[in-house]
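Each remark here refers to the structure printed beneath this line.
Protein chains in written order, with full-length UniProt numbering: chain A, 1 to 399; chain B, 1 to 399; chain C, 1 to 399; chain D, 1 to 399.
What follows is the structure in structure tokens.
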């Protein structure tokens, strides 16, 4: 019997659950886009956006998804014949590199696999080997949504400094911004990109490129940048429409305004801590299920390397898919598919799944999702260790 | 640290969580109320409403809350000088009796306390003692929202038949309709009243009186009934406005249409079973917490007497209030206050609380709410037995 | 060819067009009804409601439509065997009288027809003839929605004073409150009733009884008043639920809060003046159409007796219906049907129609509606005088 | 006194007024983007989109505004060193040319001024002069939103054929698609671009490139196209995310689905005819105001060259701005600013304004807007000829 007839809960790693205030704010008539409230609103949003990334730099807003932000950020600092170095820790690292290749940029990749994150030593070695400083930038995923690996930018910056390499440090924060602590300026990141639909809790369709002063300098040296991607007028517009390279994305802006207000009313530090605690509750449950020869495996063994916004898991055989289907059909929860986890034995990655725990998220949502996972594993006959739900509740109780 | 910044979850015994489809349906411009779509829509809703109550009788729709439906139902069948007999199993039984008194009707009460439900033998005795058949009706709560007692109408009907008493059997189904199995015709109920904001999943503001043929006869014998409460034109209108004794409650009707579609698409039997299973999951957890000298007490010990839509609980001292506050502030869950549970030691009923589990409800919502209860009891230092969350998940898994 | 595929415009005399802010405010989850924001919100609304009626008296809020408010107001001041005097100037005057009869109250009527309003001299005579002061109240419609007659309360109060009659003066302000100037205290009105769906711009389902000090005294002398209609706990509640005699109408309250904010932000005097000017624009057009032997007839010839919120019109033969259909099908405008205007020659009142111009209304809406009327009269071949639209625009220009 | 306190009406040339059904559709939780309903929905939308453009070709959907679609369309068919020929009839023609230059494409322009549209003879001459067929495409605006000129594609295609030139014919249909008749295949257009926020009645944020078979061939010969703009996977995706080059723009898609349903339920021919008739009503009024030495001037004198979706007007001195302000402040109507109309005497174009009449538009909206223009001209003291509103109503009546 299905027990799904209540509020659906989308626990995929983006788009995330949207606050009612965001959807409400988007439910309004079209505004004038030449003058009036929307102009004031956008001018007020820019500093609020920068507070999310902790930067005194600039921000360019794009009507685009995260792939668009990838392309935008690259277009402004490199072109055909240029080279970048990409630290890959999952499918999305490959994706950004591919985007560079599409622009005629050579993207050299260091592949760190899917389980252990970036080894800064190897990065330092690669940069030292680039004696002619051909790499214009080092690209990495702050969180790779596929593997749920969290890469700390600080050792990367240290490696670059140690190598004395002038490349820009570019962070893909699509799955992390607004969830994980991120200090763009303090941590020495030159460019950070993100999208609207995860920690920012707005529908997909907007993306953002944060631009530090060194990146601005590199842009200025570029011979030509396409009008749509050129961040120059966007980060310092003379006219309102230049914020968006044309017509403003009115309704996403309404939603984003609501979202930024929620985030800053809560406080970014508190938002980050909330994600830490809720992630620890999830890990406590997952580690309990893994115990006693349970079938579940957390993709990332080291807690220090785990994202606080997404968790990739393996359940063996086709049980990832089976569990996803059971909780969707019987409990009203939608989990994320495994991405980039295909193996010979499991060519469609059906043994894997992901939990999104980003954005508008609180204790009962996490505990309810975990409860349905336990019920689901039991229902489909997957062996799992005991005490998981109590362990998660204990983390919540202690918060 | 608060972990409440996500979707709020209102787990009080009404108003219940509303489906998005209901709120969506209510978000539309005012319609013409003289002709067109709304007329067709209402005519189509009447049979759907009657299917919820399982009756071939009539239904009167009132713009009113449940108290209004109480008054409406009484006004049509009794007046000053008449008598009714009220079987009281909690605060709401007293409330209906009080409503009768306000109409000049003498309301004799049999008080069955707050824990064991109606004893049909005592009802039968009382009716046998009424040899002149002064009681025009026997009133009872199918579920009393305060105590969470479920009263089966069938033994009451049997007692009335055994006593050979012609009184009408009137059921307060405000907290039960659309959640608990209810078979108005098959079970011999003459009048059933309910409201929009619980099992029907629509905001408060509409209520319903279902009218069986014997009740219609009694109405016809009444010398005068106030125009607003008179169900005669409402159950068989010549003009559209008569459905509502004046202007139609347009937006509640839009919401109700959406809600009835959801209910009947799922199927009433399935809706009832879903509530049974989810209640059993809640009971499994509560019984586990009660074990091992846990502080928690289910108000109703006998599972057969428990509502499947609301559960009243005691936690001792002021811990009911403390728990409510903890889960609201830290986990985003709002529980119901204890009602009518005041004692000398606890004059404000702060040791009690209630879980609403009615309407638009699925497995992850229930499991998440239970998880926060466990976290909350731990956080406020209330002793509770082990294994509650696993026990609840087991019920879900077996469904 | 239909030109209706744009925003529909409902120009009937209630429900009126709702502001987006009202619908937005109603699109939110169910709130806790025992404590928290809704309690604060309602306490803050009571003074704002009283400012609309310009009274320092009390207000009772009912979950009911206008017919419910009629019944509520009467129930508190009269009962079986009592008498009231009703000044009838249209269908709704008859309706209120009928509501009184349903309560066992004798309702004597003075019928002033449908075109000239109340003659205060006749009222004074009737009251003088009531030497034993049997009439407990004088009832009248501030605006009768059917005839669009506006009855000034001041001469009625003067007549009552001149007659030295102690009856209460009770005003039906359902079609006028929030549109027409109304000064309950200054004008000597003891009880005023209204609904949510016209000048208050909220869906039907709430109604209001404003209670002056003399009315409170009369209530206190009543032997018994039904619990649902009793205004005593509603106007001075000890507990929050008593405001509403049970469960609060949460979503209507959200909408009403938004509406009251809009009204008071604009300012009641400005709201009234806006209705005056827009009505004058409508009259200017209608008078122009009537000129040159045009078929159109304003039901009320004297501008001083015309409502500023609704205008009843005759077009002869079945042309009222034909025009309504044309503008609905071809231009997206819904006009009100003629009510209570049936004649021998026109037994279904198809020669008549009404324009609602109440509430959330501005210049372009009125001018657009008038433009479609001109187009419609031309299309269905009804002769009409020239210059109507220019005359209306001139009124707007001069505002 | 302001008469603006009712429904605001945004009569600018985009974004256009959105149907309630579109905003409703967008008010829903985030969906799964990997499987389920959204996949089916998008697959069903593609043919409906192509029916709007009347093409059997392909369509690429971009998360971008119109400027993004300009860049996308160019990127797929030309690159650095290539040349295109742009027929300019207003500011937006210059804009598209500028976008080409940003991509390293040489954009030769023929400027046809702002009042008379494209002279196909001059185009033919220019193409004949390009004997080495360097121009890869001829770009033009179907409607230039700034000047409100309508350029018929058929003579352009004929000129290209007469010149025997193989260039692609590329139409900017941003301001026209869904409003003006457009037959991409029958009229020989190879690429058409549009946005979501005008005739498609969805918020800004989506744009569309329709791709004919000759354009597909040109794309295939391109050495490299950036991943985001490459239409290849978008027009023929293997995986769902490829439709959008990454994460799907879920909420815009919900809105677009609703909008396409409205358009096709009405029928594209009927939609086009409705725009023709409503435009003719506007012209009738404007021509009347211009008569008798009225100050108003339609920018385009020849009816055959006027857009049916936007009308550019001059009022002299600063009266364009003054009128815009008056109708916004006093009547609730927002008009469009003049764009690209600056002169020495009027360096900020304050003598000009534009009426948007595109998309979700019906007779009462147009007539109401015209009525406020008349009131406004009178209020600010601009001389205008008589009979304008009656003339517009006559067009509506005759439809």
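In this text, a Cβ means the ideal position worked out from N, Cα and C, and glycines have one as well.
Option in the options with minimal Cα separation from residue i
i                      : options                    : result
residue 313 of chain C : C/288, C/352, C/332, C/330 : C/352
residue 320 of chain A : A/304, A/295, A/300, A/302 : A/295
residue 32 of chain B  : C/168, C/11, C/33, C/270   : C/11
residue 91 of chain C  : C/110, C/77, C/79, C/75    : C/110
residue 356 of chain A : A/279, A/30, A/20          : A/279
residue 78 of chain D  : D/316, D/7, D/18, D/100    : D/100
residue 338 of chain C : C/148, C/73, C/97, C/117   : C/148
residue 142 of chain A : A/381, A/385, A/183, A/399 : A/183
residue 289 of chain D : D/263, D/374, D/186, D/25  : D/374
residue 448 of chain B : B/89, B/358, B/19, B/227   : This structure cannot settle anything about residue 448 of chain B, because the visible part of chain B is limited to 1 through 399.
residue 146 of chain B : B/176, B/382, B/213        : B/176
Proximal residues of chain C, C-beta to C-beta of residue i below 7 Å
i                      : result
residue 252 of chain A : Within 7 Å Cβ-Cβ: nothing; residue 252 of chain A doesn't reach chain C, min ~18 Å.
residue 103 of chain B : 226
Residue environment, residue i, which counts as buried when at least 16 other CB atoms sit within 10 Å
i                      : result
residue 58 of chain B  : buried
residue 217 of chain C : exposed
residue 131 of chain D : exposed
residue 36 of chain D  : exposed
residue 198 of chain D : buried
residue 180 of chain A : buried
residue 238 of chain A : exposed
residue 293 of chain D : exposed
For residue i, the residue or residues it bridges with in DSSP
i                      : result
residue 195 of chain D : D/207
residue 108 of chain A : A/85
residue 297 of chain D : D/314
residue 334 of chain A : A/10
residue 135 of chain D : D/83
residue 168 of chain B : B/137
Within chain C, the residues that residue i reaches when beta carbons sit closer than 9 Å
i                      : result
residue 188 of chain D : By Cβ distance, chain C contributes nothing, its closest Cβ being about 29 Å from residue 188 of chain D, past 9 Å.
Neighbour list for residue i in chain B, Cβ cutoff strictly below 9 Å
i                      : result
residue 7 of chain A   : 7, 9, 17, 19, 20, 360, 361, 362, 364, 365
residue 399 of chain A : 1, 2, 3, 330, 375, 379
Proximity test, residue i beta-carbon vs the ligand SAH heavy atom, cut-off 7 Å
i                      : result
residue 316 of chain B : Of ligands this structure carries none, so the ligand SAH is not represented either.
Contacts of residue i in chain B (Cβ-Cβ under 7 Å)
i                      : result
residue 99 of chain A  : Near residue 99 of chain A there are no residues of chain B at all, since even the closest Cβ is about 33 Å away, more than 7 Å.
residue 280 of chain A : In chain order: nothing, as chain B lies at least about 11 Å away.
Chain A contact residues for residue i, given Cβ-Cβ distances below 8 Å
i                      : result
residue 356 of chain B : Within 8 Å Cβ-Cβ: nothing; residue 356 of chain B doesn't reach chain A, min ~12 Å.
Chain B residues whose Cβ lies nearer than 8 Å to that of residue i
i                      : result
residue 247 of chain C : 14, 15, 65, 66, 67, 195, 197, 204
Residues that residue i contacts on chain A, provided the C-beta gap is smaller than 9 Å
i                      : result
residue 244 of chain D : 65, 67, 204
Legend entry - Residues from the region 257-277 of chain C in contact with chain D, defined by Cβ distance under 8 Å: 262, 266, 270, 271, 273, 274, 277
Inset, instruction - Using a Cβ-Cβ cut-off of less than 7 Å, give me the residues of the region 60-77 of chain A that come near chain D, in sequence order. - result: 63, 64, 65, 66, 67, 68, 71
Inset, instruction - Please name the residues in the region 162-190 of chain B whose beta-carbon is closer than 7 Å to at least one beta-carbon of chain C, in chain order. - result: none
Inset, instruction - Anything in the region 24-47 of chain C with a Cβ closer than 7 Å to a Cβ of chain A? List those residues in chain order, please. - result: 24, 27, 28, 29
Legend entry - Proximal residues, the region 332-346 of chain B versus chain A, C-beta separation under 8 Å: 332, 333
Inset, instruction - Using a Cβ-Cβ cut-off of less than 8 Å, list which residues of the region 188-216 of chain B approach chain A; keep chain order. - result: none
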